[in-house]
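Scroll down for the structure; my scribbles are underneath it.
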Amino acid sequence: MKRTQISLSKLRDIGWAEWDPIGLLDSDEQWNQQSFADEYDTYLMQAVARLRQGASENEVISYLIDIERDYMGIGMQQGTTSRATRTVRRIQKELEISTEST
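Everything in the sequence shown is counted per the numbering used here, starting at 26 for the first residue and increasing by one.
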């Protein structure tokens, strides 16, 4: 399996734009100007690792939903599934772009 790269900065762009389950970032703010910029790094890096290891899109979407619903204790909210889906699909797209450019 070819190892693909995704920068932490790009991963944060995706996570803050698509996921942000806690709603920390206001619409007029930039993540890279915040002390909490690394808040979701562990979960997003785990999503990348799972995709690289061959997990299906649905498995990784379920992972992010589980993190939000159970680990963070937020529960299922309107938009939980769509946020997780958009996040995983953008990560997949970025991984595909990285593979094509190497």
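C-beta: ideal position from N, C-alpha, C; glycine also. Quick caveat: nothing in here was measured; it's all calculated off a predicted structure.
Residue i in three-state terms, based on DSSP
i	result
Gln102	coil
Leu50	coil
Ser107	helix
Thr29	coil
Tyr65	coil
Ala80	coil
Gln59	coil
7 Å CB neighbourhood of residue i in its chain, flanking five on each side removed
i	result
Thr105	Ile90, Glu93, Arg94
Gly100	Arg94
Thr127	Per-residue confidence for Thr127 stands at a pLDDT of 49, beneath the threshold of 50, marking its modelled position as unreliable; the derived number appears in the next sentence. Correct list: empty, nothing qualifies.
Delimiting residues of the alpha helix (DSSP H) encompassing residue i
i	result
Ser34	33–39
Met97	No alpha helix (DSSP H) holds Met97; DSSP gives it neither H nor E.
Ile128	Nothing about residue 128 can be reported from this structure: the residues present for the chain run from 26 to 127 only.
Anticipated Cβ contact below 8 Å, residue i with residue j, distance rounded
i	j	result
Leu50	Trp44	Not really, about 10 Å apart at Cβ, beyond 8 Å.
Ile31	Val73	6 Å
Own chain, CB closer than 6 Å to residue i, minus 5 neighbours either side, in chain order
i	result
Gly40	Tyr65, Leu69
Neighbourhood of residue i by C-beta, 8 Å cutoff - its chain only, sequence neighbours within 5 removed
i	result
Met97	Pro46, Ile47
Arg114	Glu82
Closest by C-alpha distance to residue i, when choosing among the options
i	options	result
Asp12	Arg115, Thr29, Glu82, Leu33	Residue 12 is absent from the model: the chain starts at 26 and stops at 127.
Gln59	Gln71, Arg75, Asp38, Leu76	Asp38
Gln71	Ala42, Leu36, Glu54	Leu36
Lys118	Ser107, Leu76, Arg108	Leu76
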